[in-house]
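Colleague: This structure is in structure tokens; I'll ask about it shortly.
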Amino acid sequence: MKFGLTYDLRDDYRKLGYSDEETAEFDKEDTIYAIESAIKAAGFKTERIGNIFALVEFLSAGKTADMVFNIAEGMYGAGREAQIPALLDAYRVDYVFSDTVILALTLHKALTKKVIRDSRIPTADFICVYDITDLEKMHLHYPLFAKPVAEGTGKGIGSASFIEDREQLESAVAFLLEKFNQPVLVEEYLPGREFTVGITGTGKNAEVIGGMEILFEKGVEESYSYENKANYKSNIRYSLIKGPIEHQVYSLALDAWRALECRDGGRIDIRCDASGRPNFIEVNPLAGLNPDDSDLPIICRMNSISYNELISKIINSAISRKVNR
Numbered sequence: 001m002k003f004g005l006t007y008d009l010r011d012d013y014r015k016l017g018y019s020d021e022e023t024a025e026f027d028k029e030d031t032i033y034a035i036e037s038a039i040k041a042a043g044f045k046t047e048r049i050g051n052i053f054a055l056v057e058f059l060s061a062g063k064t065a066d067m068v069f070n071i072a073e074g075m076y077g078a079g080r081e082a083q084i085p086a087l088l089d090a091y092r093v094d095y096v097f098s099d100t101v102i103l104a105l106t107l108h109k110a111l112t113k114k115v116i117r118d119s120r121i122p123t124a125d126f127i128c129v130y131d132i133t134d135l136e137k138m139h140l141h142y143p144l145f146a147k148p149v150a151e152g153t154g155k156g157i158g159s160a161s162f163i164e165d166r167e168q169l170e171s172a173v174a175f176l177l178e179k180f181n182q183p184v185l186v187e188e189y190l191p192g193r194e195f196t197v198g199i200t201g202t203g204k205n206a207e208v209i210g211g212m213e214i215l216f217e218k219g220v221e222e223s224y225s226y227e228n229k230a231n232y233k234s235n236i237r238y239s240l241i242k243g244p245i246e247h248q249v250y251s252l253a254l255d256a257w258r259a260l261e262c263r264d265g266g267r268i269d270i271r272c273d274a275s276g277r278p279n280f281i282e283v284n285p286l287a288g289l290n291p292d293d294s295d296l297p298i299i300c301r302m303n304s305i306s307y308n309e310l311i312s313k314i315i316n317s318a319i320s321r322k323v324n325r
């Protein structure tokens, strides 16, 4: 069996003049090498394809693969993570991770929270702001938290995201609307503990493989921002989830994963409210897979799961779906 590899290589876009922040979600060469090595160690063949433009050439030339291991985030549009899966669907090529519909949905944080809310899974009250005038119909309670509706890797999150009054709200929302040219998610701030939970598998076969609490070093702004993620070794501490909260966090994460119909592997982010009750924050169905720096592999290391084991769990889930469909 041969796996094609699709990905957005960060250096390729930097050479075209894109900034570090614009390419923050893209992968480094060592990530691609690690994934490729893990797939080969599991006994499969691989072929590097690259980004969506390379995939178009690959498919147009009549080439194919038994399955594609896709980690490409895409560059443009609210459905950018779904672009390669949509192309693969058109050519009837199987792929790893969530399908086109789910990747398009989950990149939009507000639409995702609507599904979560309708599934009766706790999540903070929110509004999606398309225009500054939308704030006139807001009925949320301060403090609030604001971030772009369709970004990852903590982009758009910083000190101005924490909002205590109307003046701060209007300023933060106006800035984010202009900078990111997309709607802004404004939600009631959750002041409690923060966790991220790793999951592999699909549907009834999905399972929690571990989780970790995100702790901020003294003097560091307490938000999982782009800056803090980029400097996590000095700004962040990770701790295994222990005590009575563990079951609550893991149960919520698994419920959210299944409600959103995510597949094969990824992460659910959770934060507690003032009463200590875990709430859904967001999902990452295309979680980073850098063996050293990405949250999902870090969770695995903390739970004595090797990188190769993680990749095997992910591809075995995808193969099982293909066999049993």
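Just so you know, the working numbering puts 155 at position 155 of the sequence shown, and the rest follows in order with no gaps. We treat Cβ as the ideally placed atom computed from N, Cα and C, and that holds for glycine.
N308 by DSSP, collapsed to three states: which one?
Modeller: helix
Colleague: In angstroms with no decimal places, state the Cα-to-Cα distance between S294 and G265.
Modeller: 13 Å
Colleague: When the Cα of Y130 is compared with those of F97, E217, L177, which residue comes out closest?
Modeller: L177
Colleague: Just to confirm my understanding: we take M138, look at its own chain, exclude 5 residues before and 5 after, and list those with CB closer than 6 Å. What are they?
Modeller: I127
Colleague: Considering just the uninterrupted stretch of the alpha helix (DSSP H) at T112, what are its terminal residues?
Modeller: 109-118
Colleague: Look at the Cβ atom of G198, then the Cβ atom of V249, and state whether they are nearer than 8 Å.
Modeller: no
Colleague: Among N303, F58, F280, D20, which one has its Cα closest to the Cα of V93?
Modeller: F58
Colleague: Of all the options G243, K114, V220, which has the alpha carbon lying nearest to the alpha carbon of E187?
Modeller: K114
Colleague: With H, G and I counted as helix, E and B as strand and the rest as coil, what does DSSP make of T6?
Modeller: strand
Colleague: Going residue by residue through the stretch 13-52, where are the continuous alpha helix (DSSP H) segments of at least 4 residues, counting only ones entirely within it?
Modeller: 29-41
Colleague: List the endpoints of the continuous beta strand (DSSP E) containing F280.
Modeller: 278-284
Colleague: Give, in chain order, every unbroken run of the beta strand (DSSP E) that is at least 3 residues long and sits entirely within the stretch 206-251.
Modeller: Within the stretch 206-251, the complete beta strand (DSSP E) runs of at least 3 residues are 207-216, 236-240.
Colleague: Between T112 and E261, is the Cβ-Cβ spacing less than 8 Å?
Modeller: no
Colleague: What's the C-alpha gap between T23 and G17?
Modeller: 10 Å
Colleague: Label R267 either buried or exposed according to how many other C-beta atoms from any shown protein chain fall within 10 Å of its C-beta, with 16 as the threshold for buried.
Modeller: buried
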